[in-house]
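Structure first, then comments.
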Amino acid sequence: MLSFERVRIKKADPDERVKTFDIEPLDNYTDEEAIAEASRCLGCNMCSAACPASLDISGYIRSTAAGDPAQTVRIIMETLPFPAIIGRVCTHMCEDICVMYDGGGPIAIRHLKRYAADKFDDYGEILRPQKRKFIGKKVAVIGGGPAGLTVAYYLSLQGVKVTLFEERPALGGFMKTGIPRYRLPQSVLDKEIGYVVSRGVDVKLNTKVGRDISFDQIMKEYDAVFLGVGNHKPRMTGTPGSDAPNVMHATEFLERVSFGERIDVGDTVAVIGGGFTANDSARTSLRLGAKHVYIMYRRRDVDRPGYPSMNADEEMDEAEEEKVEYVWEVTPFEYVKENGRVVAMKYWMNEMVKEGKGRAKPVPIKDKVYTIKVDMVIEATGQETDYSFLGDYVKKLRLNPHGEPIVDQNGMTSIEGVFSGGDSTNPNRDLISAVRDGDIAVQGILKYLNVMDKVSYDDLPILDRFKPYSYTAAQEAYAVRGLI
Ligand SMILES: Cc1cc2nc3c(=O)[nH]c(=O)nc-3n(C[C@H](O)[C@H](O)[C@H](O)COP(=O)(O)OP(=O)(O)OC[C@H]3O[C@@H](n4cnc5c(N)ncnc54)[C@H](O)[C@@H]3O)c2cc1C
Ligand code: SF4
1 MLSFERVRIK KADPDERVKT FDIEPLDNYT DEEAIAEASR CLGCNMCSAA
51 CPASLDISGY IRSTAAGDPA QTVRIIMETL PFPAIIGRVC THMCEDICVM
101 YDGGGPIAIR HLKRYAADKF DDYGEILRPQ KRKFIGKKVA VIGGGPAGLT
151 VAYYLSLQGV KVTLFEERPA LGGFMKTGIP RYRLPQSVLD KEIGYVVSRG
201 VDVKLNTKVG RDISFDQIMK EYDAVFLGVG NHKPRMTGTP GSDAPNVMHA
251 TEFLERVSFG ERIDVGDTVA VIGGGFTAND SARTSLRLGA KHVYIMYRRR
301 DVDRPGYPSM NADEEMDEAE EEKVEYVWEV TPFEYVKENG RVVAMKYWMN
351 EMVKEGKGRA KPVPIKDKVY TIKVDMVIEA TGQETDYSFL GDYVKKLRLN
401 PHGEPIVDQN GMTSIEGVFS GGDSTNPNRD LISAVRDGDI AVQGILKYLN
451 VMDKVSYDDL PILDRFKPYS YTAAQEAYAV RGLI
C-alpha cells in the first residue's frame with residue numbers, strides 16, 4: 001500500500017561505528033524498502049532544478065519503483081559517472097526542495113541512488129559501452145578528482161585520447177584524500193574510479209604538472225587541456241603557537257589518515273572550523289582514539305557552512321551521536337606550548353554584530369579569556385588554489401576577485417583551449433558541482449575541437465535537462481519553510 005512516510009534508513013550504532021573506519025553510518029535499503037520509498041515519488045521533477053548536474057531524478061526514481069535498478073544506473077550515468085559515491089555523500093539539495101518534504105519527508109533520492117548502484121560490481125555489464133574509434137584529438141586532464149575524472153570519462157567515450165595527470169599516488173582528489181573511509185569506503189572508490197579509467201584513460205599518477213612535466217609541454221602536445229586541480233593549498237590561521245607539530249591543517253591530517261597513517265591525536269582534539277572538513281576531522285579523530293573532540297566555530301550554528309540544508313543537519317546529527325561537541329562563537333587567539341608542543345588553547349567568546357544589510361560578523365568579547373587543554377589542534381579553515389604550476393601561462397589566466405578562474409559558458413578560461421572546473425573554479429565546492437563543471441567542459445572541449453559532427457549523442461553528458469541550474473529553487477524552498 002502507498003505510504004506517505006519516508007522509509008527510514010537504518011543507522012549503525014554510534015558506539016560501535018566510532019571505533020573503526022570500516023562501518024558506514026548509514027545502511028542500505030532492502031529491495032522492498034527501496035521500491036516502497038521510490039513509489040512515494042509524485043514524478044513532478046521539481047528536484048531536478050535544485051540538482052547542480054540536473055539529473056533526470058524522477059526518471060530514475062520511476063525505474064527504481066519499477067524494480068529496475070539497472071535502468072536507474074543507466075539514467076544516472078548519462079550525466080554522472082559516480083552513482084555509488086554520490087549516493088553516499090552528495091549534498092542532496094534536490095531533497096531540500098522535494099514537494100514531499102512536508103508530506104512524510106522528502107523522497108530519499110540520495111539513498112535510492114546508492115541502493116541501485118550497489119547492486120552492480122561492474123557497470124560494464126549493464127552499460128555495455130561501444131568501443132569508439134580514435135577521433136583524432138588528444139586532451140590532457142590535470143587533476144584526478146571528480147571534475148577531472150568526469151571529463152576523462154565522457155571524452156574517452158567519444159574516442160578522444162585522454163591523458164590524466166595526477167600528482168598524488170591515487171586518483172579521486174578529495175573523494176580519496178578528504179572524505180574519510182567510514183563515509184566513502186575504498187571498495188566504492190575502486191569500483192567507480194576503476195570503471196571510469198577503464199574506458200581507455202591514460203593515467204599518470206605521482207605526476208605533478210609544473211614539477212614532473214611543464215604546463216608549456218602539455219600545451220604543445222595536446223589539443224585541449226582541462227584543469228581540475230581543486231584547491232589544495234592550506235590556509236592556516238597563523239594563531240601564535242601554530243608552528244607546533246601537533247597543530248595541523250585538516251586536509252593534511254585527513255590525507256595522511258586516508259593513506260593509512262594512524263596519527264597519534266591524544267585524548268583531546270580541538271578542530272577549528274565548521275564545514276565538511278571540520279566534521280570529518282572531528283569524527284576521524286574519534287576513530288583514532290580521541291576521547292573528547294570539540295568543533296570550535298567562530299559563528300553561530302545557523303551560520304555554519306552548508307546550513308540550512310538536510311545535509312548540514314544530518315552531518316551534525318551523526319557527529320553529535322558520536323559525541324563530538326560543538327562550541328559556537330569562539331575565537332582562539334593562542335595555542336599554548338610546552339616543550340615545543342601545544343598543550344592548551346586560549347580563546348574568547350564572540351558576539352555576532354550585524355552592520356547594515358550584510359551578514360552578522362563575529363566580534364570577540366575580550367574581557368574574559370577561556371582555556372581548554374588540548375593534545376592536538378586541527379585547522380579546518382579552508383584552502384586555496386596554487387596556480388604556479390602554469391608557469392608563464394599564469395599571466396594569461398584571468399581570475400575573479402575570489403581568485404577563481406573566469407570561465408565562459410563552455411567552461412573555457414581566458415587561455416585558449418584551456419578549460420577549468422570543480423573546486424578551483426566553482427564556489428559551491430561540492431562533488432556534484434564538480435561533476436557538473438566536468439559535463440560542461442566535455443561539451444565545451446568537443447565544440448572547441450570542432451568534432452561535434454563526429455560525436456555519439458548517446459554518450460554526451462546531458463546539460464540543463466529541465467531548467468538552467470540555479471540555487472534559486474532551493475533557496476525559495478528554504479524561504480517558504482522560514483529557514484532563511
Ligand atoms: C574533508 C572533505 C569532505 C568533503 N565532503 C564532501 C561531501 O560529503 N559531499 C560533497 O559533495 N563534497 C564534499 N567535499 C568537497 C568535494 O570533495 C570537492 O568539492 C570535490 O572533490 C572537488 O573536486 P575537484 O575535482 O574540483 O577537485 P579535487 O577533488 O580537489 O581534485 C583535484 C586533484 O587535482 C590534483 N592536482 C592539483 N594540482 C595538480 C598538478 N599541478 N598536477 C597534477 N595534479 C594536480 C590533486 O592532487 C587532486 O587529486 C569534501 C571536501 C573535503 C576536503
Ligand atoms: S521533487 Fe520529490 S516528488 Fe517531485 S520528482 Fe523529485 S523526488 Fe519526486
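Numbering (UniProt numbering), first residue to last: 1 to 484.
Yeah, the Cβ is synthetic: ideal placement off N, Cα and C, and Gly gets one too.
Ligand 2 heavy atom lying under 8 Å from the CB of residue i
i: residue 309; result: no
i: residue 99; result: yes
i: residue 48; result: yes
i: residue 45; result: yes
i: residue 42; result: yes
i: residue 58; result: yes
i: residue 106; result: yes
i: residue 61; result: yes
i: residue 86; result: no
i: residue 75; result: no
i: residue 109; result: yes
Opening and closing residue of the beta strand (DSSP E) in which residue i lies
i: residue 215; result: Note, residue 215: premise wrong, no beta strand (DSSP E); alpha helix (DSSP H) at 215-221.
i: residue 332; result: 330-338
i: residue 367; result: 361-373
i: residue 414; result: Looking at the DSSP string, residue 414 is not in any beta strand (DSSP E), and its letter there is neither H nor E.
i: residue 21; result: Where residue 21 is concerned, there is no enclosing beta strand (DSSP E), given that its DSSP letter is neither H nor E.
i: residue 352; result: 341-353
Near ligand 1: residue i beta-carbon under 8 Å from a heavy atom
i: residue 432; result: yes
i: residue 90; result: yes
i: residue 281; result: yes
i: residue 304; result: no
i: residue 8; result: no
i: residue 228; result: yes
i: residue 355; result: no
i: residue 497; result: Since the first and last residues shown for the chain are 1 and 484, residue 497 lies out of range.
i: residue 175; result: yes
i: residue 295; result: no
i: residue 535; result: The requested residue 535 is not part of the displayed model; the chain covers only 1 to 484.
Burial state of residue i (16 or more Cβ within 10 Å)
i: residue 409; result: exposed
i: residue 220; result: exposed
i: residue 13; result: exposed
i: residue 332; result: buried
i: residue 249; result: buried
i: residue 169; result: exposed
i: residue 93; result: buried
i: residue 487; result: The structure shown does not extend to residue 487, since the chain is modelled only from 1 to 484, so the question has no answer here.
i: residue 396; result: exposed
i: residue 30; result: exposed
i: residue 4; result: exposed
i: residue 457; result: exposed
i: residue 401; result: exposed
i: residue 469; result: Low confidence applies here, because residue 469 scores a pLDDT of 45, under 50, leaving its location unreliable; read the following figure in that light. Buried, by the Cβ-count rule.
i: residue 44; result: exposed
i: residue 91; result: buried
i: residue 66; result: exposed
i: residue 340; result: exposed
i: residue 85; result: buried
i: residue 56; result: buried
Span of the alpha helix (DSSP H) around residue i
i: residue 393; result: That residue, residue 393, is in no alpha helix (DSSP H); it is neither H nor E in DSSP.
i: residue 279; result: 276-287
i: residue 253; result: 250-258
i: residue 33; result: 31-39
i: residue 227; result: No alpha helix (DSSP H) holds residue 227; the beta strand (DSSP E) holding it covers 224-227.
i: residue 189; result: 186-197
i: residue 176; result: 174-177
Residue-level contact to chain B via CB, residue i, 9 Å cutoff
i: residue 379; result: In the structure shown, chain B does not exist; there is a single protein chain.
At least three beta-carbon pairs within less than 8 Å, the segment 308-328 to the segment 279-290: Flag = yes, the segment 308-328 and the segment 279-290 touch.
Validate contact between the segment 292-309 and the segment 356-363 using beta carbons, cut 8 Å, 3 pairs: The segment 292-309 is in contact with the segment 356-363.
Contact the segment 238-251 vs the segment 59-77: 3+ CB pairs below 8 Å: Segments in contact, no.
Meets three-Cβ-pair contact criterion under 8 Å: the segment 106-118 and the segment 132-150: No: the two stretches stay apart, fewer than three of their Cβ pairs being nearer than 8 Å.
At least three beta-carbon pairs within less than 8 Å, the segment 361-380 to the segment 230-242: Contact holds: three or more Cβ-Cβ distances are below 8 Å.
The segment 251-267 contacting the segment 191-207, beta-carbon criterion three pairs below 8 Å: As far as the Cβ criterion goes, the segment 251-267 does not touch the segment 191-207, which means the pair count is below three.
Three-pair Cβ contact test at 8 Å for the segment 217-234 versus the segment 422-436: Flag = yes, the segment 217-234 and the segment 422-436 touch.
At least 3 beta-carbon pairs within less than 8 Å: the segment 15-23 vs the segment 41-60: As far as the Cβ criterion goes, the segment 15-23 does not touch the segment 41-60, which means the pair count is below three.
Inter-stretch contact at 8 Å, needing at least 3 Cβ pairs: the segment 363-374 / the segment 179-198: The answer is no - the segment 179-198 does not touch the segment 363-374, with fewer than three Cβ pairs under 8 Å.
Contact the segment 433-444 vs the segment 150-162: 3+ CB pairs below 8 Å: Yes, since at least three Cβ pairs between the segment 433-444 and the segment 150-162 fall closer than 8 Å, the two stretches touch.
Three or more C-beta pairs below 8 Å linking the segment 264-272 and the segment 287-294: At 8 Å Cβ cutoff, the stretches touch.
The segment 410-421 contacting the segment 115-124, beta-carbon criterion three pairs below 8 Å: No: fewer than three Cβ pairs fall under 8 Å.
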